[in-house]
Amino acid sequence: MLKIEMETELNDQLNAELYSSYLYLSMSAYFEEKGLSGFAHWMRIQSQEELHHGMKIYDYIVERGGKVTMKPIEGPQVEWDTPVAVFENVYLHEQKVTGLINNLVDVAFELRDHATSNFLQWFVTEQVEEEASASEVLAKSKMLGGEGNALFLLDKELGARLPVFSFPVKN
Ligand code: FEO
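The opening position of the sequence shown corresponds to residue 797 in my numbering, with each subsequent residue numbered one higher.
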């Protein structure tokens, strides 16, 4: 059984993951409007990954006999100045999420909730990958200067991203 403090923290993280999904979908819509369908595709997959992260937490709370509480999701930003500004936002956001996960791990340790500590290790590893991929795309988009053929080529590259996860369904 989950302790109430842990349940509250996990529900907050569920909300943060759903907000991330919403934010990246908003970025996807921004790119659609700009005619950058490859960038839009990359962001849509990113949004699906965040939904998957949220559902992992949802399922874990249920599995531990806790109560999932859906909270309001904050409205995300809807406009950016340039594609580079979008990826700067992604990179900063992922660093913030890493901080949230680290805090969650600290709470699990303090509560001596070893099962949750173990569960959260997947997220610790995932955040390393999330920050690395955001940093890589940010660096590439900065090199382009946002113009011409290079932008077209990066759009094509990002458009080839494959989904890592299938849609989360409970087994
Ligand atoms: Fe769920 Fe991008 O962290």
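The beta-carbon is built from N, C-alpha and C at its ideal position, and this holds for glycine as well.
Residue from the options whose Cα sits closest to the Cα of residue i
| i | options | result |
| --- | --- | --- |
| A881 | L810, S931 and K852 | S931 |
| I897 | Q844, N807 and A935 | N807 |
| L821 | T894, G861, T865 and G871 | G871 |
| Q844 | L819, S929, Q809 and L940 | L819 |
| E859 | L832, M797, V924 and Q917 | M797 |
| L810 | E846, E875 and W876 | E846 |
| Q923 | I869, V886 and E829 | V886 |
| G831 | E927, Y854 and G955 | G955 |
| L947 | E813, I841, Y854 and F827 | F827 |
| A928 | F883, L814 and Y856 | F883 |
| E829 | F905, E875, K938 and V960 | E875 |
Pairwise C-alpha distance: residue j and residue i
| i | j | result |
| --- | --- | --- |
| A836 | D902 | 35 Å |
| P879 | T921 | 27 Å |
| S817 | S913 | 24 Å |
| V933 | G895 | 21 Å |
| Q873 | H889 | 12 Å |
| T804 | R957 | 35 Å |
| M823 | E801 | 33 Å |
| D951 | W838 | 9 Å |
| N945 | S833 | 15 Å |
| K936 | D877 | 17 Å |
| K867 | L916 | 21 Å |
| Y815 | K799 | 24 Å |
| E813 | P959 | 17 Å |
Contact test: residue i Cβ vs ligand 1 heavy atom, cutoff 6 Å
| i | result |
| --- | --- |
| H910 | no |
| S816 | yes |
| V893 | yes |
| E813 | yes |
| H849 | yes |
| E927 | no |
| E875 | no |
| E890 | yes |
| E884 | no |
Query raised in the report: So, do the segment 903-915 and the segment 838-850 have three or more beta carbon pairs nearer to each other than 8 Å?
Result: No, the segment 903-915 is not in contact with the segment 838-850.
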